[in-house]
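*Asks:*
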Ligand code: NAD
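Structural data, given as structure tokens:
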């Protein structure tokens, strides 16, 4: 039956940036659908764990700084140690640094690129190797942005890195489809998290943004849950290399 295809019981998911915001919302959604979740973050994920404990879901944290690729083998090993396999990877961790393009520093450019691009590719590669070893396929879900489609203002490295997520998602989907690995992405719209605190604090910008969202509200971490569960489940087995916007209609304007 169709709803059974969305059931993630017995599946193991890695979610990066699991302590807060969209990552936390996706951890809860995946766990509610039955997955065992390994949350990766720089800081403790105790809040995420408490939310999942409420319905007796499974959650383990791995503390790691994703600005270095050295942590990648540790994330894979810790997941295998905790739950014995990997079925789903959600590359959610991301950073944004705001500055006029004319003054943007190489330090800020590199910092954004390390987390939003380099880490994403090499974690995909490491997890795909496990998927291929296990021989049962797998699901990779990258997190893109409205700035995968638009230029934005004062965030050149973020826009470049998130635009590249669309291309990377397609490239990996092509190479790994033969192994029954589906690589897709979610492009969140304007969501109420730490990432947008500055924007929401600026009355003028906040009003301009809200006026342009057909749904008439900022998105929430819970808004990500249906799409991430779909892309993590058998219900999306013939969806490859595509980015789904969860944006209250922003791109439709
Ligand atoms: P957030 O700032 O609340 O969360 C970012 C997460 O990434 C946190 O868990 C943080 O700990 C983690 N992270 C950042 N750098 C890290 C590092 N070096 N090592 C380990 N973890 C690190 O923001 P969010 O809105 O929840 O963002 C989640 C994702 O969604 C990001 O990729 C972001 O770019 C993207 N996104 C957000 C919005 C929005 O409006 N909030 C819109 C589009 C895309």
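In my numbering, the protein residues as written are 1 to 253.
No residue lacks a Cβ here, since even glycine has one placed at the ideal position from N, Cα and C.
The model shown is predicted, which means the values in this text are computed figures rather than measured ones.
Within a Cβ cutoff of 8 Å, which residues of the same chain sit near residue 112, ignoring the five residues on either side of it in sequence?
*Replies:* What you label residue 112 is simply residue 112 of the chain shown in a count that begins at 1. Correct list, in chain order: 95, 96, 97, 157, 158, 161.
*Asks:* Rounded to whole angstroms, how far is the Cβ of residue 214 from the Cβ of residue 249, which I believe are closer than 8 Å?
*Replies:* Position 214 of the chain shown, counted from the first residue, corresponds to residue 214. Position 249 of the chain shown, counted from the first residue, corresponds to residue 249. About 3 Å separates the two Cβ atoms, so the contact holds.
*Asks:* Going by the CB atoms, is the gap between residue 141 and residue 102 shorter than 8 Å?
*Replies:* For the purposes of this step, residue 102 is taken as the residue at position 102 of the chain shown. For the purposes of this step, residue 141 is taken as the residue at position 141 of the chain shown. Contact flag unset, no.
*Asks:* The ligand NAD heavy atoms versus the CB of residue 196: any closer than 7 Å?
*Replies:* Locating residue 196 in the chain shown gives position 196, where the first residue counts as 1. Yes; taking the cut-off as 7 Å, the Cβ of residue 196 has a heavy atom of the ligand NAD nearer than that.
*Asks:* What are the start and end residues of the alpha helix (DSSP H) that includes residue 159?
*Replies:* Indexing the chain shown from 1 puts residue 159 at position 159. Taken as a continuous stretch (DSSP letters only), the alpha helix (DSSP H) holding residue 159 covers 156-176.
*Asks:* Alpha carbon to alpha carbon, how far is residue 129 from residue 179? Give it in angstroms, no decimals.
*Replies:* Indexing the chain shown from 1 puts residue 179 at position 179. Indexing the chain shown from 1 puts residue 129 at position 129. Those two C-alpha atoms are separated by around 10 Å.
*Asks:* I'd like to check one pair, residue 233 with residue 66: are the Cβ atoms closer than 8 Å?
*Replies:* To locate residue 66, count along the chain shown from 1; it is residue 66. To locate residue 233, count along the chain shown from 1; it is residue 233. No, the pair does not count as a contact, with Cβ atoms beyond the cut-off.
*Asks:* List the DSSP bridge partners of residue 59.
*Replies:* Counting from 1 along the chain shown, the entry for residue 59 is found at position 59. 37, per the DSSP bridge assignment.
*Asks:* Run the proximity test for residue 96: is its beta-carbon closer than 7 Å to any non-hydrogen atom belonging to the ligand NAD?
*Replies:* Numbered from 1 along the chain shown, position 96 holds the residue referred to as residue 96. It does: the Cβ of residue 96 is within 7 Å (strictly closer) of some heavy atom of the ligand NAD.
*Asks:* Which whole-angstrom value describes the C-beta separation of residue 69 and residue 118, a residue pair presumed to lie in contact below a C-beta threshold of 8 Å?
*Replies:* By one-based count along the chain shown, residue 69 stands at place 69. By one-based count along the chain shown, residue 118 stands at place 118. Indeed they touch by this definition, with Cβ atoms about 7 Å apart.
*Asks:* Assuming residue 246 is part of the beta strand (DSSP E), what are its boundary residues?
*Replies:* By 1-based counting over the chain shown, the position of residue 246 is 246. Per DSSP, residue 246 belongs to the beta strand (DSSP E) from 243-246.
*Asks:* Using the Cα positions of residue 238 and residue 123, report the straight-line distance between them to the nearest angstrom.
*Replies:* To locate residue 238, count along the chain shown from 1; it is residue 238. To locate residue 123, count along the chain shown from 1; it is residue 123. Rounded to the nearest angstrom, the two C-alpha atoms are 23 Å apart.
*Asks:* For residue 92 versus residue 47, is the C-beta spacing smaller than 8 Å?
*Replies:* As a position in the chain shown, residue 92 is number 92, starting the count at 1. As a position in the chain shown, residue 47 is number 47, starting the count at 1. It is not a contact, given that the beta carbons lie outside the stated cut-off.
*Asks:* Quick check on DSSP: helix, strand or coil for residue 139?
*Replies:* Residue mapping note: residue 139 aligns to position 139 of the chain shown, counting from 1. Note: residue 139 maps to strand in three-state DSSP.
*Asks:* Should residue 174 go down as buried or exposed, given a rule of 16 or more other Cβ atoms within 10 Å for buried?
*Replies:* By 1-based counting over the chain shown, the position of residue 174 is 174. Exposed.
*Asks:* Expressed to the nearest angstrom, what Euclidean distance is found between the alpha-carbon atoms of residue 171 and residue 88?
*Replies:* As a position in the chain shown, residue 171 is number 171, starting the count at 1. As a position in the chain shown, residue 88 is number 88, starting the count at 1. If you take the alpha carbons of residue 171 and residue 88, they lie about 18 Å apart.
*Asks:* To the nearest angstrom, how far is the alpha carbon of residue 202 from that of residue 196?
*Replies:* In the chain shown, counting from the first residue as 1, residue 202 sits at position 202. In the chain shown, counting from the first residue as 1, residue 196 sits at position 196. In a straight line, the C-alpha of residue 202 is about 10 Å away from that of residue 196.
*Asks:* Examine the ligand NAD and report whether any of its heavy atoms sits within less than 7 Å of the Cβ of residue 92.
*Replies:* Numbered from 1 along the chain shown, position 92 holds the residue referred to as residue 92. Yes, the Cβ of residue 92 comes within 7 Å of a heavy atom of the ligand NAD.
*Asks:* Looking only at its own chain, which residues have a Cβ that is under 8 Å from the Cβ of residue 25, when we skip the five neighbours before and after it?
*Replies:* Here the question's residue 25 lines up with position 25 in the chain shown. Cβ within range, chain order: 220, 221, 222, 223, 224, 225.
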